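J.: The sequence shown begins at 1060 in our numbering and counts up one residue at a time. I am attaching a structure below and will ask some questions about it afterwards.
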Amino acid sequence: MLNIIRDNDMYRMAWGKSILCSFLVVTILNSCTSNIYIRKDKLSANEHHYPHSVYLENTDSTYLSRLVIDSGVFSFSDDQHSEYYLKLLPDDDFYHCGGLGAAKLGSAIFFGLLPVIYDDEYKFFYEITYEGKATRFSYEVPLYSRYSIWEWLFKPFSSARDELIIENIKYLKPVLEVLKTER
1060 MLNIIRDNDM YRMAWGKSIL CSFLVVTILN SCTSNIYIRK DKLSANEHHY
1110 PHSVYLENTD STYLSRLVID SGVFSFSDDQ HSEYYLKLLP DDDFYHCGGL
1160 GAAKLGSAIF FGLLPVIYDD EYKFFYEITY EGKATRFSYE VPLYSRYSIW
1210 EWLFKPFSSA RDELIIENIK YLKPVLEVLK TER
């Protein structure tokens, strides 16, 4: 009788360990199986371009300046005495929504079979200075990530995060921030 109880306990422990191991494997796999998409419903149908040529004050924030230059929203001037100056604000103003762990956990609970969608956005700030007055604007690029095992099938067709941002900034209207500063 004692042997039967021990065998049952061993069977339960082995079953529990196998479930735990498979859950961990699926969680790790789901971390690698996500794609980033742009939310097309938030985009305008027309391209938006800044109407004036601007001088880029700070090129030291290379990641952000590459995004802005490659997007084609602004036409840049090499003249340091330009009427309009564009200043990209530092990367510490980078905004990222929370909750990513819940999306990965939700995907792991369904063993990656059902896709879990996580709303995300990339937000950056810049200032346009004209006649000594700096006005702060922001761009909010609406993105979402989808987590599931099936995303491996779509991986070759999805762009990288940077490419999505560059391609879609011109279809967004900049948001005027409330703060206005004097220079």
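Backbone N, C-alpha and C define an ideal beta-carbon position, used for all residues, glycine too. Because the structure is a prediction, the values reported are computed rather than measured.
Leaving out five residues before and five after I1176 in sequence, what residues of the same chain have Cβ atoms less than 6 Å from its Cβ?
T.: Y1203, R1205
J.: Where does N1227 sit, in a helix, a strand or coil, going by DSSP?
T.: helix
J.: Report yes if the C-beta distance between L1126 and I1187 is below 8 Å; otherwise report no.
T.: no
J.: For K1229, collect the residues of the same chain with a Cβ closer than 8 Å to its Cβ; drop the 5 residues on either side in sequence, then sort them by chain order.
T.: E1106, H1107, H1108, S1130, G1131, V1132
J.: Counting Cβ pairs, one atom from each stretch, are 3 or more of them under 8 Å apart for the segment 1135 to 1147 and the segment 1116 to 1125?
T.: yes
J.: Look up P1110 in the DSSP assignment and give the residues it is bridged to.
T.: None, per the DSSP bridge assignment.
J.: Going residue by residue through the segment 1112 to 1200, where are the continuous alpha helix (DSSP H) segments of at least 4 residues, counting only ones entirely within it?
T.: Those alpha helix (DSSP H) runs which fall completely within the segment 1112 to 1200 and span 4+ residues are 1121 to 1130, 1159 to 1168.
J.: How long is the line joining the alpha carbons of A1219 and G1075, rounded to whole angstroms?
T.: 38 Å
J.: Between which residues of its own chain and S1141 is the CB-CB distance below 6 Å, once the five residues before and five after are set aside?
T.: Y1114
J.: Please report the residue range of the beta strand (DSSP E) in which I1097 lies.
T.: Counting along the chain, the unbroken beta strand (DSSP E) around I1097 starts and ends at 1093 to 1097.
J.: For the candidate residues G1165, F1169, L1231, whose alpha-carbon lies nearest to that of E1199?
T.: L1231
J.: Using only CA atoms, which one of A1104, E1190, S1081, Y1122 lies nearest to F1247?
T.: Coverage of the chain is limited to positions 1060 through 1242, which leaves residue 1247 absent and any answer about it impossible.
J.: Answer yes or no: do E1222 and P1201 have a C-beta to C-beta separation smaller than 8 Å?
T.: no
J.: Can you tell me the Cα-Cα spacing of Y1185 and F1196, whole angstroms?
T.: 5 Å
J.: When the distance is taken between beta carbons, is P1174 closer than 8 Å to S1207?
T.: yes
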